[in-house]
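Take a look at the structure set out below.
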Amino acid sequence: DAGITQSPRHKVTETGTPVTLRCHQTENHRYMYWYRQDPGHGLRLIHYSYGVKDTDKGEVSDGYSVSRSKTEDFLLTLESATSSQTSVYFCAISESGGISKNIQYFGAGTRLSVL
Amino acid sequence: DQQVKQNSPSLSVQEGRISILNCDYTNSMFDYFLWYKKYPAEGPTFLISISSIKDKNEDGRFTVFLNKSAKHLSLHIVPSQPGDSAVYFCAASAQQAGTALIFGKGTTLSVSS
């Protein structure tokens, strides 16, 4: 299994509170991604990073921010959580080259409930 | 509009028979396709992929077929086993490194013994 750790695995929070989810990798992969999975939608990209301090928006980035200060860590922050952000969040990583460069490896996920 | 479509939400198959999961895409820029398997409370696990320069890729019991003219791909599992019961996601991307995967909504496969 790819060395990807997501924390926390479960979180319950209240509307309006800030929440930060962490993704930590031990593979030294260049690219990191945050997706959310909702019923009827598959997985959708929130933000991704192509290097330290280099990030860009995905399909559903509104209400989320990210930071990557080290190669191994990619943080997803909900500045003011809303009920619509109740979801399962997955972190993924991928290499920058080689035959596996298009394959993304996923963490176990964080289940977030915003009440 | 959905760029990757898995039109069958579920599929039931008997152990030992073939499972065929289908996926359609609309974006002609996609040139790399992947299948992921997901068990409850776990992350998606990469299963098999295919580049647009090929029409078939095989890995053990799993074979992916790509029909570019029809913008259609399929995953064949032969023989199906109860442990194959999971949600299967089709995903597409461009070949450059670091591009997002566009996922279908998934198909739940149930293999009965």
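Those protein sequences? They're chains X and F, same order as listed.
The first sequence maps to residues 1 to 115 in this note's numbering.
The second sequence maps to residues 1001 to 1113 in this note's numbering.
Every residue gets a Cβ at the ideal spot worked out from N, C-alpha and C, and that includes glycine.
Review point. CB-CB under 7 Å to threonine 71 of chain X, same chain, minus the five flanking residues each way: which ones, in chain order?
Key: Answer for threonine 71 of chain X: Asn28, Val52, listed in chain order.
Review point. Is leucine 1034 of chain F close to chain X, meaning its C-beta is less than 9 Å from at least one C-beta of that chain?
Key: For leucine 1034 of chain F, the answer is yes, since a Cβ of chain X falls inside 9 Å of its Cβ.
**Study point:** chain X within 9 Å of valine 1004 of chain F, Cβ atoms only
**Key:** Judged by the 9 Å Cβ criterion, valine 1004 of chain F is in contact with chain X.
Point to revise | Own chain, CB closer than 6 Å to phenylalanine 106 of chain X, minus 5 neighbours either side, in chain order | key: For phenylalanine 106 of chain X, the CB contacts under 6 Å within the same chain, skipping 5 residues up- and downstream, are Phe90, Ala92 in chain order.
Review point. Within the 9 Å Cβ cut-off, does histidine 24 of chain X reach chain F?
Key: So, not an interface residue.
Review point. When you compare only the Cα positions, how much space is there between serine 113 of chain X and glutamine 6 of chain X?
Key: It is roughly 16 Å from the alpha-carbon of serine 113 of chain X to the alpha-carbon of glutamine 6 of chain X.
Check your understanding: What does a CB cutoff of less than 7 Å around glutamine 1081 of chain F pick up in its chain, not counting 5 residues either side in sequence?
Key -> Cβ neighbours of glutamine 1081 of chain F within its own chain (closer than 7 Å, five residues either side excluded): Glu1015, Val1111.
Practice item. Have a look at the DSSP bridge pairing and note the partners of histidine 1076 of chain F. Key: Partner(s): F:Ile1020, F:Thr1063.
**Study point:** Rounded C-alpha distance that separates asparagine 1057 of chain F from isoleucine 1048 of chain F
**Key:** For asparagine 1057 of chain F and isoleucine 1048 of chain F, the gap between their C-alpha atoms comes out near 8 Å.
Review point. What residues in its chain sit with their C-beta under 6 Å from that of threonine 1063 of chain F, if we drop five residues either side in the sequence?
Key: These residues qualify, in order along the chain: His1076.
Point to revise | Test item: CB-CB of serine 1093 of chain F and isoleucine 1102 of chain F under 9 Å | key: Here serine 1093 of chain F is near isoleucine 1102 of chain F, since their CB atoms are less than 9 Å apart.
Practice item. Could you tell me whether the Cβ of lysine 101 of chain X comes closer than 9 Å to any Cβ of chain F? Key: Any Cβ of chain F closer than 9 Å to the Cβ of lysine 101 of chain X would place that residue at the interface, and such an atom is present.
Point to revise | Integer-rounded CB distance, given that proline 18 of chain X should sit under 8 Å from threonine 110 of chain X | key: Actually they do not touch by this definition, with Cβ atoms about 15 Å apart.
Practice item. Using DSSP bridges, identify the partner residues of lysine 70 of chain X. Key: Lysine 70 of chain X is bridged by DSSP to X:Asp73.
**Study point:** Residue interval of the beta strand (DSSP E) (run including lysine 11 of chain X)
**Key:** 10-13 is the extent of the beta strand (DSSP E) around lysine 11 of chain X.
Exercise for review: Starting from the C-beta of phenylalanine 1065 of chain F, find all residues in its chain whose C-beta is less than 6 Å away, skip the five residues before and the five after it, and write them out in chain order.
Suggested key: Residues Lys1056, Ser1074 of the same chain have their beta carbon placed closer than 6 Å to that of phenylalanine 1065 of chain F, with the five preceding and five following residues left out of the count.
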